[in-house]
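K.L.:
Right, I'll just put the structure down here and ask away after.
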Amino acid sequence: MKGGFSGLRGRELSLITIVLMCTAFLFWAWEKTPPLTNLMPPETRLRLSPDDLVSKPVASLLSPKSKGISSFAEKVIEQVAAPLISSQKSSEGSVIKSNPVTTTDWNVEILTSLSEKEAKGKQIQEPQTYVVAQGPTIPTEVEANHKKMIEQVSEQLEVDMVAQVGIENRDCNYAKGKWVPDDNRPLYSGFGCKQWLSGMWACRLMQRTDFAYEKLRWQPKNCQMEQFEGSKFLRKMQGKTLAFVGDSLGRQQFQSLMCMITGGEERHDVIDAGKEYGLAQARGDTRPSGWVYRFPSTNTTILYYWSASLCDVEPIDKSNPNTDYAMHLDRPPAFLRQYLHKFNVLVLNTGHHWNRGKLKANKWVMHVGGVQNTDRKLAMIWVAKNLTIHSVVNWVNSQLPKHPGLKAFYRTISPRHFVGGDWNTGGSCDNTIPMSVGKEVLQDESSDESAASAVKGTGVKLLDITALSHLRDEGHISRFSRTASPGVQDCLHWCLPGVPDTWNEILFAQI
């Protein structure tokens, strides 16, 4: 039940623990020493307060702030303790005697013993309470049934607890918080996960020698983030499909998630389902336009589709191999239009390909309304990017009523950390000290204003990772890139394991 009780407050957890321990003790006592009263001196018998067990509702024993979880704790006592201890308080308040448990031929009595002096009319302040076991030893099958019942209640308890934490965290701003050291990190080995992780992003396999960046965990402010576990993720996504559609940073998030789900271990049971989405690698291609993997145990599908600009791109002259490409700013990618109905969770992103150099290298020509753009204002890169982001978000939002099971996210931009120039002009990111830029995000609003503006008023949620990632300038591949030319550093992509793992933890918490 690891992680299942993470949201419980101390008093509630203690109360539940006491109930379960008392139950286990009673099982042992009845089986091993039926004449329990002979072995327990009167002054050392187990003392339980009748007011706590009978007269006071469980919710009153807990903090007023924890009402939702109080009912949760009350459920444990009702379902676990009630079959063993069923009592009522007499009108005089002097004796509490249990009713027999109807499912067995034994019963438990709770007796309040009063001294002779107290019985002579004096007001009773603190009655002594003893637990007395009477009757034969519990039959083995009865004990087994009760143990099974406790296990079932405990499992349901964990499910309800996760749901309750989800309710409490519904309005949590996961982008606000701080980075904290955590020796339990990383979530997978940087030496492994070769089945899913590209070698050019596995910094453990490079010349880098400092790995403190792997030992940080994001802690949201004033709320808890559910601990990520691969098996838990697969259960949550049973029979569902999660799709990443975006640029190479989206690909990093996709590979990070595959490593997190598998713990970096090789999995021969995972199926390549690329053909179902037209993503089988064509002969001569250096890599396909995307990857699709399915976990048969839960029928969970994880896919990534490369769409750097997040708009529809098509050749202007299909018969000409040197043709330019129409970049339809107001039209979502054809892949998205074709397969959206198959997705249950969608994560979109774009950003760093929106520059003149990339557009020229890719032979992209801006189009709006099906024709080449002639509006000089719209030709400005940042204006064109904003138009595309708003366009694709609005389109997805318009599709949500048709696909009620779909949860859509737009991930904010991943920050670059070039200092002293750009990637091709001597820019660097040589810092290796974690949290030297800062460790805490206190702002309420997203640093990616265009993304926040696009999703506002829509059913598309913001996966806000910009400000928290900005604090992690030491987490980039830097000068250790395998493919870079001398003097060229990668201050855009991240080492894995690393910062994108946190993006997936926040995504996991939100789905």
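Its first residue numbered 70, the sequence shown is counted upward by one per residue in the working numbering.
No residue lacks a Cβ here, since even glycine has one placed at the ideal position from N, Cα and C.
Values in this document were obtained by computation on a predicted structure and should not be read as measured data.
1. Ordered along the chain, which non-local residues of its own chain (more than five positions away) have a Cβ less than 7 Å from that of Gly490?
2. Tyr346: which of Ser366, Asn463, Ala403 sits nearest, CA to CA?
3. Which runs of the beta strand (DSSP E) fall wholly inside the region 420-460 and span at least 3 residues, in chain order?
4. Under a three-way DSSP split, which group does Arg406 fall into?
5. Could you check which residue in Asn253, Phe323, Ile546, Lys446 has the C-alpha nearest to that of His486?
6. Use the C-beta contact count for Asn493: other C-beta atoms within 10 angstroms, 16 or more gives buried, fewer gives exposed.
7. Between His422 and His397, what straight-line distance do the alpha-carbon atoms span, to the nearest angstrom?
8. Is Pro569 near Ser325, with beta carbons less than 8 Å apart?
9. Are the beta-carbon atoms belonging to Thr481 and Leu540 less than 8 Å from one another?
10. With DSSP as the reference, label Gly246 as helix, strand or coil.
11. Ends of the beta strand (DSSP E) at Gly490?
12. Between which two residues does the beta strand (DSSP E) holding Ser547 run?
13. Please list, in chain order, all residues of the same chain as Thr571 whose beta carbon is under 6 Å from its beta carbon, the five residues on each side excluded.
14. Hey, how far is the Cα of Gly426 from the Cα of Lys301?
15. With DSSP as the reference, label Ile580 as helix, strand or coil.
16. Does the region 507-518 touch the region 460-475, meaning 3 or more C-beta pairs lie closer than 8 Å?
17. Contact defined as beta carbons within less than 8 Å: I believe Thr552 pairs with Met269. What is the distance between those atoms, to the nearest angstrom?
18. Quick check on the burial criterion: 16 or more other C-beta atoms within 10 angstroms. Buried or exposed for Thr278?
19. With 16 other CB atoms within 10 Å as the buried threshold, where does Lys136 fall?
20. May I have the straight-line CA-CA distance separating Arg304 from Thr367, to the nearest angstrom?
21. Just confirm the distance between the C-beta atoms of Leu348 and Phe412, as a whole number of angstroms; I'd bet it's less than 8 Å.
22. What are the start and end residues of the alpha helix (DSSP H) that includes Ser520?
23. Here's the rule: buried if 16 or more other CB atoms are within 10 angstroms of the residue's CB, otherwise exposed. What is Tyr243?
24. Helix, strand or coil: how does DSSP classify Val568 here?
25. Quick one: is Gly526 buried, meaning 16 or more other Cβ sit within 10 Å of its Cβ, or exposed?
26. Helix or strand or just coil, what does DSSP make of Thr595?
P.N.:
From the atom records:
1. Position 421 of the sequence shown holds residue 490. Closer than 7 Å at the Cβ level, and outside the excluded window around Gly490, lie Gly496.
2. By one-based count along the sequence shown, residue 346 stands at place 277. The shortest C-alpha separation from Tyr346 is found at Ala403.
3. 433-437
4. Here the question's residue 406 lines up with position 337 in the sequence shown. Three-state result, Arg406: helix.
5. Here residue 486 is taken as the residue at index 417 of the sequence shown, counted from 1. Cα-wise, what sits closest to His486 is Ile546.
6. Taking the first residue of the sequence shown as position 1, residue 493 is located at position 424. Exposed is the call here.
7. Here the question's residue 422 lines up with position 353 in the sequence shown. Here the question's residue 397 lines up with position 328 in the sequence shown. The straight-line gap from Cα to Cα measures roughly 15 Å.
8. Here residue 569 corresponds to residue number 500 of the sequence shown, with the count starting at 1. Here residue 325 corresponds to residue number 256 of the sequence shown, with the count starting at 1. Contact flag set, yes.
9. Taking the sequence shown and counting its residues from 1, one reaches residue 481 at position 412. Taking the sequence shown and counting its residues from 1, one reaches residue 540 at position 471. No.
10. Within the sequence shown, residue 246 is the residue found at index 177, counting from 1. Residue state, collapsed to three classes: strand.
11. In the sequence shown, the residue the question calls residue 490 occupies position 421. Where Gly490 is concerned, there is no enclosing beta strand (DSSP E), given that its DSSP letter is neither H nor E.
12. Locating residue 547 in the sequence shown gives position 478, where the first residue counts as 1. Run containing Ser547: 545-547, per the beta strand (DSSP E) assignment.
13. Looking up residue 571 in the sequence shown gives position 502. Closer than 6 Å at the Cβ level, and outside the excluded window around Thr571, lie Trp287.
14. Counted from its first residue, the sequence shown places residue 426 at position 357. Counted from its first residue, the sequence shown places residue 301 at position 232. Roughly 43 Å separates the two Cα atoms.
15. Along the sequence shown, read from residue 1 onward, the residue named residue 580 stands at position 511. Reduced to three states, the DSSP call for Ile580 is coil.
16. no
17. Here residue 552 is taken as the residue at index 483 of the sequence shown, counted from 1. Here residue 269 is taken as the residue at index 200 of the sequence shown, counted from 1. Correct: roughly 6 Å between the Cβ atoms.
18. Here the question's residue 278 lines up with position 209 in the sequence shown. Classification of Thr278: exposed, given that the 10 Å Cβ count is below 16.
19. Walking along the sequence shown from the start, residue 136 turns up at place 67. Its pLDDT being 38, under 50, Lys136 is placed unreliably in this model, and the value from its coordinates should be taken loosely. Answer is exposed; the Cβ neighbour count stays below 16.
20. Here residue 304 refers to the residue found at position 235 of the sequence shown. Here residue 367 refers to the residue found at position 298 of the sequence shown. Rounded to whole angstroms, Arg304 to Thr367 spans 7 Å at the Cα level.
21. One-based indexing of the sequence shown puts residue 348 at position 279. One-based indexing of the sequence shown puts residue 412 at position 343. Their Cβ separation, rounded to whole angstroms, is 14 Å, which puts Leu348 and Phe412 out of contact at 8 Å.
22. Numbered from its first residue, the sequence shown carries residue 520 at position 451. First, the amino acid is wrong: residue 520 is Ala here, not Ser. Taken as a continuous stretch (DSSP letters only), the alpha helix (DSSP H) holding Ala520 covers 518-524.
23. As a first step, residue 243 is located in the sequence shown; it is residue number 174 there, counting from the start. Classification of Tyr243: buried, given that the 10 Å Cβ count is 16 or more.
24. Against the sequence shown, residue 568 aligns to sequence position 499. Note: Val568 maps to helix in three-state DSSP.
25. As a first step, residue 526 must be located in the sequence shown, where it is residue number 457. The residue is exposed, with fewer than 16 neighbouring Cβ atoms inside 10 Å.
26. The requested residue 595 is not part of the displayed model; the chain covers only 70 to 580.
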